[in-house]
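Only one structure is covered here, and it is reproduced in the block below.
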């Protein structure tokens, strides 16, 4: 990890030298022109950027949700211990160096001189408070599975922690780089717990609650139940991170405005503010984009890609992803409790036709539950293949040989709806009468998390680029519901493989475990992978340059510059 420190020092030296050169040039020009151009140059170097989003953030609390819209906003508010660059490489975040000092202990050397938006100094205590919070049952976080292997956060010094894990866990740095690993100030966490205690009418201080939490027992369980509905209220409305964006204004369903954090330690930023404006319809986003009202249009679908490409001032940025869009079955409802029904449907879907006809080539067919670029992907497995004759044979062998009626739920997105309509037509050949119900994103997540659905279309991005994240949340029986396993599928053999994959320290043994898991998922078909879709955005190049898009679908604004 020392190489990261050396690179950082070299980068600082280059910036210093560049700054000296730039300052002298500006001073020389200012002397010639009476100094007026100096102010003009500084003014043109910054600006306000508006990113139009399809969906609103569900929560600004890092532990409050695991949706992509929230991730997009939160990654500008919070820094995590470890970060990912646009190429998905792990790089220093709030930790400058890290290493496994024992099989189950990781040491993190923290960055000094960093402050939160509130002005609080960042120390090891903030790391401890954040990571203890995500696993607290009162928080009931959807992302607790990402950090559940952590048994203790040991404060070694003001800027050093040891993270102890229940078992050897090789991808821990990748998990800590997840946006839900954003570090919050301990003072804000204390305030949030105190508010929850007060709102619940519990006569107790936050410190007393922490002591009770450490002891456990019936009294703790009672208090936890009382405060759970109030936990997170303060953090959601007043987030306190260390990244380059500070919350200025939040209008749910409309926009979230961040202003530049002047004391940010991670490098210079050229923007004055970032507004994430919610414009659900892609046609409306593009209309605003083409008239210069927004600089970045998020989530451009294939049918509108050419419109952006051919625009006078607009550029399409397309990125291969770590995402899998899939058809899910609620296996606890008939007829999807019958594996042959699920297998028949999986074989009845022509994924290549969907990629070409719906996604217009912006992606690749998905036969495996994780994308090829994810560590642990087993290319020796055939996966689920289109074979209508085999599909008919399987359905004939099932308890529903003559077909049945079913409902497929989708979010209110035209490309997803078009995919559903294609599946509807294909399943008609099996005698399956499929109706498609589209609904608003928040309602879709709530209802599928509760298990109300029969079939559903959804996507999952393997944010850590490790098979553990791509498979454990969606398929382990501990994660039924909103955590990820919306198929409500449980299998002891699969659980064992997934547990082995995250507890083995040997890389080959981990790979074998995930190969077994992929084989079971393919055969049992709780989901039918459809496509590994590309992400794409539109950028108004007449206004801004340097906008980047990563393999997670997040817009990166670190290097944005504004045109005059």
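Residue numbers (the numbering used here): 5 to 568.
Ideal Cβ positions, reconstructed from N, Cα and C, are used throughout, including at glycine.
Pairwise C-alpha distance: residue j and residue i
{"i": "residue 571", "j": "residue 316", "result": "Residue 571 lies beyond the range of the chain shown here (5 to 568); nothing can be said about it."}
{"i": "residue 309", "j": "residue 136", "result": "44 Å"}
{"i": "residue 195", "j": "residue 447", "result": "30 Å"}
{"i": "residue 553", "j": "residue 268", "result": "22 Å"}
{"i": "residue 307", "j": "residue 360", "result": "11 Å"}
{"i": "residue 433", "j": "residue 405", "result": "12 Å"}
{"i": "residue 504", "j": "residue 296", "result": "52 Å"}
{"i": "residue 249", "j": "residue 132", "result": "23 Å"}
{"i": "residue 275", "j": "residue 362", "result": "36 Å"}
{"i": "residue 464", "j": "residue 481", "result": "17 Å"}
{"i": "residue 439", "j": "residue 102", "result": "52 Å"}
{"i": "residue 118", "j": "residue 468", "result": "25 Å"}
{"i": "residue 416", "j": "residue 65", "result": "25 Å"}
{"i": "residue 325", "j": "residue 203", "result": "43 Å"}
{"i": "residue 407", "j": "residue 431", "result": "9 Å"}
{"i": "residue 288", "j": "residue 506", "result": "44 Å"}
{"i": "residue 147", "j": "residue 520", "result": "24 Å"}
{"i": "residue 395", "j": "residue 436", "result": "12 Å"}
{"i": "residue 254", "j": "residue 68", "result": "16 Å"}
{"i": "residue 79", "j": "residue 555", "result": "14 Å"}
{"i": "residue 193", "j": "residue 472", "result": "29 Å"}
{"i": "residue 533", "j": "residue 545", "result": "36 Å"}
{"i": "residue 400", "j": "residue 528", "result": "17 Å"}
Among the options, nearest to residue i - alpha-carbon criterion
{"i": "residue 2", "options": "105, 563, 241, 343", "result": "The chain is shown only over 5 to 568; residue 2 falls outside these bounds and no answer can be derived."}
{"i": "residue 561", "options": "517, 485, 302", "result": "302"}
{"i": "residue 161", "options": "139, 126, 170", "result": "126"}
{"i": "residue 188", "options": "276, 243, 68", "result": "243"}
{"i": "residue 284", "options": "55, 546, 368, 401", "result": "55"}
{"i": "residue 81", "options": "153, 277, 159, 163", "result": "277"}
{"i": "residue 457", "options": "140, 333, 263", "result": "333"}
{"i": "residue 198", "options": "454, 186, 213", "result": "213"}
{"i": "residue 427", "options": "479, 349, 253", "result": "349"}
{"i": "residue 372", "options": "257, 435, 531", "result": "531"}
{"i": "residue 50", "options": "142, 273, 513, 124", "result": "273"}
Where residue i falls: helix, strand or coil (DSSP)
{"i": "residue 331", "result": "strand"}
{"i": "residue 184", "result": "helix"}
{"i": "residue 56", "result": "strand"}
{"i": "residue 299", "result": "coil"}
{"i": "residue 319", "result": "strand"}
{"i": "residue 383", "result": "coil"}
{"i": "residue 475", "result": "helix"}
{"i": "residue 99", "result": "strand"}
{"i": "residue 374", "result": "coil"}
{"i": "residue 503", "result": "helix"}
{"i": "residue 448", "result": "helix"}
{"i": "residue 250", "result": "strand"}
{"i": "residue 453", "result": "helix"}
{"i": "residue 533", "result": "strand"}
{"i": "residue 359", "result": "helix"}
{"i": "residue 34", "result": "Since pLDDT at residue 34 reaches only 35, below the 50 mark, its modelled position is unreliable, and no value is offered."}
{"i": "residue 490", "result": "coil"}
{"i": "residue 237", "result": "helix"}
{"i": "residue 556", "result": "coil"}
{"i": "residue 44", "result": "With a pLDDT of only 38 at residue 44, under 50, the local geometry of the prediction cannot be trusted, and no value is derived from it."}
Under 8 Å between C-beta atoms of residue i and residue j
{"i": "residue 492", "j": "residue 388", "result": "no"}
{"i": "residue 470", "j": "residue 175", "result": "yes"}
{"i": "residue 535", "j": "residue 370", "result": "yes"}
{"i": "residue 185", "j": "residue 245", "result": "no"}
{"i": "residue 341", "j": "residue 390", "result": "no"}
{"i": "residue 374", "j": "residue 262", "result": "no"}
{"i": "residue 563", "j": "residue 542", "result": "no"}
{"i": "residue 85", "j": "residue 120", "result": "no"}
{"i": "residue 299", "j": "residue 548", "result": "yes"}
{"i": "residue 420", "j": "residue 461", "result": "yes"}
{"i": "residue 168", "j": "residue 211", "result": "no"}
{"i": "residue 77", "j": "residue 280", "result": "yes"}
{"i": "residue 75", "j": "residue 558", "result": "yes"}
One or two residues paired with residue i in a DSSP bridge
{"i": "residue 438", "result": "410"}
{"i": "residue 459", "result": "333, 412"}
{"i": "residue 132", "result": "For residue 132, which the question treats as bridged, DSSP gives no partner whatsoever."}
{"i": "residue 569", "result": "Residue 569 is absent from the model: the chain starts at 5 and stops at 568."}
{"i": "residue 278", "result": "53, 262"}
{"i": "residue 109", "result": "106, 168"}
{"i": "residue 565", "result": "549"}
{"i": "residue 94", "result": "88"}
{"i": "residue 417", "result": "Answer is none; residue 417 lacks a bridge partner."}
{"i": "residue 484", "result": "489"}
{"i": "residue 443", "result": "415"}
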